[in-house]
Amino acid sequence: MNAITEVHSIADVELMLPNLGYVAGDADGIVTIGGVPARREMVVFNMDLSVHSRFYSLDNGHYLINNLDPNQQYLIMARDLPPSDGVERYEPATWDYVTPMSDKTQAEQMELWQSWQT
Numbered sequence: 000m001n002a003i004t005e006v007h008s009i010a011d012v013e014l015m016l017p018n019l020g021y022v023a024g025d026a027d028g029i030v031t032i033g034g035v036p037a038r039r040e041m042v043v044f045n046m047d048l049s050v051h052s053r054f055y056s057l058d059n060g061h062y063l064i065n066n067l068d069p070n071q072q073y074l075i076m077a078r079d080l081p082p083s084d085g086v087e088r089y090e091p092a093t094w095d096y097v098t099p100m101s102d103k104t105q106a107e108q109m110e111l112w113q114s115w116q117t
């Protein structure tokens, strides 16, 4: 049976997401397609190449991948859309041996994410 978890406060989020590590994309670190900011799937791999998690960048190319162990390293891949006739597609962009930042609390990470929503 699946348990349903209710979130009532930032403390609930912190219990659900025990790792403070995160990787964020802003400024020159956003996802772009042909130089234009874009929403694309991002896959986070553990160093043994098992999938840790999947995320999407925002339409403006910003991304925040949270709940990462700051004592581990990861392989992160941003993928373009599937091939389509007459539409140029790009090879995946990858970042290897990424060590997450841990200088923000869960609340500060959520504030950063929220600031990119407009």
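With numbering that gives the first Met the number 0 applied, the sequence shown corresponds to residues 0 to 117, in that order.
Ideal Cβ placement from N, Cα and C applies to all residues, glycine included.
If you're wondering where the values come from, they're calculated on a predicted model, not measured in any experiment.
Closest option to Val43, judged by alpha-carbon separation, among Thr31, Gln113, His61, Pro99: Pro99. For the 8 angstroms CB-CB criterion, Gly60 and Pro81 do not form a contact. In the three-state reduction of the DSSP assignment, Met41 falls in the strand class. Judged by DSSP in its simplified three-state form, Ser114 adopts helix. Beyond the five residues adjoining it in sequence on each side, Asp68 comes within less than 6 angstroms, by CB distance, of Asn18, Gly20 in the same chain, given in chain order. The beta-carbon distance between Ile64 and Val22, rounded to whole angstroms, is 5 angstroms. This is short enough to meet the 8 angstroms contact definition.
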